[in-house]
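To keep things clear, I will list the structure first and then write my remarks on it.
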Amino acid sequence: MVIFMDYRIEELLPIISGLALEYGGYESTSITYEKAQELMEAVLFCLNEYQDSNPCAPARRDISTKEQYRIGMKLVFEKVERIRKIFNEITLQFEDFGVKCLYDTVQKGIPRFLKWYNIKFCPQNTILTLDYPLLADYGSLKGADAVYQYILAIRTEQLFLCAFRKRYILLVLEKYNSEYQDMAENICGIVLTNMIGHIAVRKAFDDTEFTNAEYQQLSKMFSGKSISEIEEVIKNFIGEITGRFYDNNMELSAYLYCEANNIAVRIYTANQYGALSRVFLL
């Protein structure tokens, strides 16, 4: 007996056959093997959406597989509408800071997804490559699931970044990479790293560079600590940041924590070579 997720193949075939008939315009159920595989994945995607929304779903057999599929497809549709709503909200004051990769991925990519996403026949297709990297890893997600988490993360990043003066962020990016407009790196991580330095030495967020004394203070703070110990320090600083400037926004904290290890590795390595000026920029 062949089982996909919690479903037997004989439970899935009627749904797939119905999709195949509809795909062929009700004239023929003859489709290629590749298309049949794609329709199978479409059905499983919607069933997975149903299960994710209902932890007790696998144990419930009072709801037919076809009905679970129908509910799952409706949930996918609702998720797409949430993507549309969030996109429309963030574009009102969206700031890409001149970074082309961020602009293209969000301002061009999301509308393309909303235009071409096929909920019925291929909901597992993300359509976009989502080239602008996030701090969190959603690489295992597909389709609307991937784009939904992506747009949520972008909204969180905009919240974080727009609390600063634009001039300050542009100066940090320029210091990080003089050709930052063409880079495919996460802006939030760059600014957060620099912010950690300010919080650590109680430095104001102005346009003045770190002094030698401040670099020595930072070096002393992180010397003798392992990467994991530095990571804990970073997380404490992130907690302080979100508490002081973002009204203890837990969603923001959780997102920024994703970058704590990367920042810790950079600090640890730079401190070994007396190069903290390459980490804490401005």
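The numbering of the sequence shown is UniProt numbering, which starts it at 1 and goes up by one.
Where a beta carbon is used, it is the ideal one built from N, C-alpha and C, also for glycine.
Inset, instruction - For residue 284, count neighbouring C-beta atoms within 10 Å of its own C-beta (all shown protein chains included) and say buried if the count is 16 or more, exposed if not. - result: Not covered by the structure: residue 284. The range shown for the chain is 1 to 282.
Legend entry - Residue nearest to Asp207 in terms of C-alpha spacing, selected from Glu11, Glu174 and Phe222: The residue with the shortest Cα to Cα distance from Asp207 is Glu174.
Inset, instruction - For Asp52, count neighbouring C-beta atoms within 10 Å of its own C-beta (all shown protein chains included) and say buried if the count is 16 or more, exposed if not. - result: It counts as exposed.
Inset, instruction - Measure the alpha-carbon distance for Cys122 versus Met73 and round it to whole angstroms. - result: Distance between the alpha carbons of Cys122 and Met73: 11 Å.
Legend entry - Proximity of Gln158 and Glu95 at Cβ, strictly below 8 Å: Taking C-beta atoms as the reference points, Gln158 and Glu95 count as a pair closer than 8 Å.
Legend entry - Reduced DSSP secondary structure (H/G/I, E/B, other) of Arg202: Of the three classes helix, strand and coil, the one that applies to Arg202 here is coil, per DSSP.
Inset, instruction - Entirely within the region 124-193 and at least 3 residues each: give me those beta strand (DSSP E) ranges in chain order. - result: For the region 124-193, not one full-length beta strand (DSSP E) segment reaches 3 residues or more.
Inset, instruction - Starting from Arg266, follow the alpha helix (DSSP H) in both directions and report where the run begins and ends. - result: Its alpha helix (DSSP H) spans residues Ala260 to Gln272.
Legend entry - Nonlocal neighbours in the same chain, by C-beta distance under 6 Å from Ile110, ignoring five residues either side: So the list reads Phe87, once near-sequence residues are dropped.
Legend entry - Where Tyr117 falls: helix, strand or coil (DSSP): Coil.
Legend entry - Phe280 beta carbon less than 8 Å from that of Gly224: In this structure, Gly224 sits away from Phe280, with a CB-CB distance that is not shorter than 8 Å.
Inset, instruction - Consult DSSP for Tyr7 and reduce its assignment to one of helix, strand or coil. - result: Tyr7 falls in the strand class under three-state DSSP.
Legend entry - Sub-8 Å separation of Leu152 and Leu256 beta-carbons: No, the Cβ-Cβ distance between Leu152 and Leu256 is not below 8 Å.
Inset, instruction - Indicate the three-state DSSP secondary structure (helix, strand or coil) for Tyr246 in the structure shown. - result: Looking at Tyr246 - three-state DSSP - the assignment turns out to be coil, as it is neither helix nor strand.
Legend entry - Inter-residue Cα distance where the pair is Glu81 and Thr91: Roughly 15 Å separates the two Cα atoms.
Inset, instruction - Leaving aside the five residues before and after Gly189 along the sequence, list all residues of the same chain whose C-beta is less than 8 Å from its C-beta, in chain order. - result: For Gly189, the CB contacts under 8 Å within the same chain, skipping 5 residues up- and downstream, are Leu135, Glu259, Asn262 and Ile263 in chain order.
Legend entry - CB of Ile31 within 8 Å of CB of Ala20, strictly: In this structure, Ala20 lies closer than 8 Å to Ile31 by Cβ.
Inset, instruction - Taking all protein chains shown into account, decide if Ala59 is buried (16 or more other Cβ within 10 angstroms of its Cβ) or exposed. - result: Bear in mind that the predicted position of Ala59 carries a pLDDT of just 49, short of 50, making it unreliable; the figure below should be weighed with that in mind. Under the 10 Å beta carbon count, Ala59 is surrounded by fewer than 16 other beta carbons and is classified as exposed.
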